[in-house]
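Chemist: Okay, here's the structure, questions in a sec.
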């Protein structure tokens, strides 16, 4: 059944569009020119920690890097922070450590997250958003500044163990129409020079997480990168190879299933299929192996058949759409982990599984864009408050997931529809509530889809109420809402209670700070160019 693999490779919709806020950075030298500017932005100038970091890394970096490559496949997680109800980063790091998760990928440099990871022993892949590529690709000074502020500041003895910098996220996605395509290599080369100047190039490696639509074929053995990417991919792979760095790809069988009704459901899992794909002497029984080997073939065509591969994102959502549920998520993720840790590899790479796999994701992110679908907010193996959704053996020493500790919840009270509420008069209030809060579990196929009209109203009201930190005024809805101390949850439909140990509450000010930084940086660069 050749068509099944074609779907697996070519219909994977990206999740990259649901990235977090645009981050921009500035040169510490510009801050030194204006202490007032620095105070108003409340941005941190770097000190002599960079020298300390360099000395420490020179002593230990090369050895640790070599040892990392000698280990077995490791299971890591993606830690996204686009949430209405953020746990403190220290709580999340505790969750990672309690579950013995050795590696984490974060999508951008957030100071509170990186500080929490310092001294944890957890290896970090630090992301750079696509929106920063134009600046980093044209300005070596911006690359130097970004590295100093977001990497060197957190290194050294007792610091964060940053191993990779992910330059962009799926920048070759077809839906971007080439927007970032020609920016990747210039940005990489500028950042590499920054690493060299900081004496970090032997320890911290640059990678580019690619989407599976960067390559194509109806059969794995015929895999090739898209024609318009051949030259860029050749340059990228040469760079990765020369620096001893893996190729990173994101694979999502769920999206293949979600986007095409003809995709065979059992082919998305690891339990065997009635629709195997035959490719010469090789038989594929799951979409992951087929997709992976298509990449192997594409790399082989460029002359790099032995290049290590890391799975940067893979997972299954537990809510918000047909096929997105607890049972399916558990079956897929456990099947994936068992498959990878068996060391069986794939037909084109027998006994050689991916170097690492980063599950997507650690926590639900209730503030993400739902443009791809309501499921986009429900990829976590833990709910937003760090509670395990289902039993899962990560193969890391614990047979089941351990919940986050000492989570501080708001009081046990909920906002529901008044018994006298007329459903016909509440539509506008529901629309407003759900435009601000998360109501995706009410979507068709969601865990709360069957709780009835009055239940839908109550769920929407409560989501908004919890988002407003249980402000009594937020449960008014023109007299249609009422506060209750009795949990209105029904079956698998959980009415949430918010948390109080929120993460950084300065996100808005940080974003404003970053826009001021960008403006200042561009102004100073312009003035400098005129002075020359």
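In our numbering, the protein residues as written are 8 to 539.
In this text, a Cβ means the ideal position worked out from N, Cα and C, and glycines have one as well.
(1) Check whether the Cβ atoms of residue 424 and residue 446 sit closer than 7 Å, and answer yes or no.
(2) The beta strand (DSSP E) with residue 314 in it runs from where to where?
(3) Is it buried or exposed, residue 439, if we count other Cβ atoms within 10 angstroms and call 16 or more buried?
(4) Any contact of the region 324-331 with the region 368-384, i.e. 3+ C-beta pairs under 8 Å?
(5) Between the region 202-209 and the region 277-284, can you find at least three pairs of beta-carbon atoms closer than 8 Å?
(6) Just mark residue 261 as buried or exposed, buried being the case when its beta carbon has 16 or more other beta carbons within 10 Å.
(7) Determine the contact status of residue 305 and residue 367, defining contact as a CB-CB distance below 7 Å.
(8) By Cβ distance, which residues of its chain are closer than 8 Å to residue 100, with the 5 residues on each side in sequence left out?
(9) Could you tell me whether the region 482-500 touches the region 394-410, using the rule of 3 or more Cβ pairs below 8 Å?
(10) Leaving aside the five residues before and after residue 348 along the sequence, list all residues of the same chain whose C-beta is less than 7 Å from its C-beta, in chain order.
(11) DSSP three-state call for residue 162: helix, strand or coil?
(12) What does residue 331 pair with, by DSSP beta-bridge criteria?
(13) Please look up how many angstroms separate the CB atoms of residue 253 and residue 214, rounded, as I've assumed it's under 8 Å.
(14) Find out if the Cβ-Cβ distance for the pair residue 295, residue 339 is shorter than 7 Å.
(15) Using only the alpha-carbon positions, how far apart do residue 396 and residue 484 sit?
(16) Which residue's Cα is closest to the Cα of residue 316: 353, 335, 239?
(17) Do residue 488 and residue 422 have their C-beta atoms within less than 7 Å of each other?
(18) Going by beta carbon distance, what residues of the same chain come within less than 6 Å of residue 346, once the five residues before and after it are set aside?
(19) With C-beta atoms as the reference, is residue 419 less than 7 Å away from residue 444?
(20) Where does residue 446 fall in DSSP's three states?
(21) Should residue 235 go down as buried or exposed, given a rule of 16 or more other Cβ atoms within 10 Å for buried?
(22) Over the uninterrupted beta strand (DSSP E) stretch that includes residue 421, give me the two end residues.
(23) Does the Cβ of residue 146 have 16 or more other Cβ atoms within 10 Å, making it buried, or fewer, making it exposed?
(24) What is the DSSP secondary structure of residue 223, reduced to helix, strand or coil?
(25) How big is the Cα-Cα spacing for residue 429 and residue 461?
(26) According to DSSP, is residue 4 helix, strand or coil?
(27) Please list the terminal residues of the continuous beta strand (DSSP E) segment that includes residue 174.
(28) Quick check on residue 250: does DSSP put it in helix, strand or coil?
(29) Unbroken beta strand (DSSP E) runs of length 3 or more, entirely within the region 88-116: which are they?
(30) Look up residue 266 in the DSSP assignment and say whether it is helix, strand or coil.
(31) Using DSSP with H/G/I as helix, E/B as strand and the rest coil, what is residue 381?
(32) What does a CB cutoff of less than 6 Å around residue 70 pick up in its chain, not counting 5 residues either side in sequence?
(33) For residue 319, which residues from the same chain have a beta carbon less than 7 Å from its beta carbon, with the 5 sequence-adjacent residues on both sides left out?
(34) Quick one: Cα of residue 301 to Cα of residue 308, how far?
(35) Assuming residue 120 and residue 96 make a contact with CB atoms under 8 Å, what is their CB distance in whole Å?
(36) For the beta strand (DSSP E) that contains residue 82, what are its first and last residues?
Modeler: In this structure, then:
(1) With contacts defined as CB atoms closer than 7 Å, residue 424 and residue 446 fail to qualify as a contacting pair.
(2) No beta strand (DSSP E) holds residue 314; DSSP gives it neither H nor E.
(3) Exposed, because fewer than 16 other Cβ atoms sit within 10 Å of the Cβ of residue 439.
(4) yes
(5) no
(6) buried
(7) In this structure, the beta-carbon distance from residue 305 to residue 367 does not fall below 7 Å.
(8) 123, 124, 127, 129
(9) no
(10) 80, 402
(11) coil
(12) 328
(13) 7 Å
(14) no
(15) 32 Å
(16) 353
(17) yes
(18) These residues qualify, in order along the chain: 277.
(19) no
(20) coil
(21) exposed
(22) Where residue 421 is concerned, the enclosing beta strand (DSSP E) starts and stops at 421-424.
(23) buried
(24) strand
(25) 9 Å
(26) Nothing can be reported for residue 4, as the shown portion of the chain is limited to 8 through 539.
(27) 168-174
(28) In the structure shown, residue 250 sits in coil (DSSP, three-state: anything other than H, G, I, E or B).
(29) 110-113
(30) helix
(31) helix
(32) Model confidence at residue 70 stands at a pLDDT of 40, short of 50, so the residue's coordinates are unreliable and nothing is read from them.
(33) Hits under 7 Å: 112, 216, 255, 256, 257, 365.
(34) Taking the straight line from one Cα to the other gives about 11 Å.
(35) 5 Å
(36) 81-86
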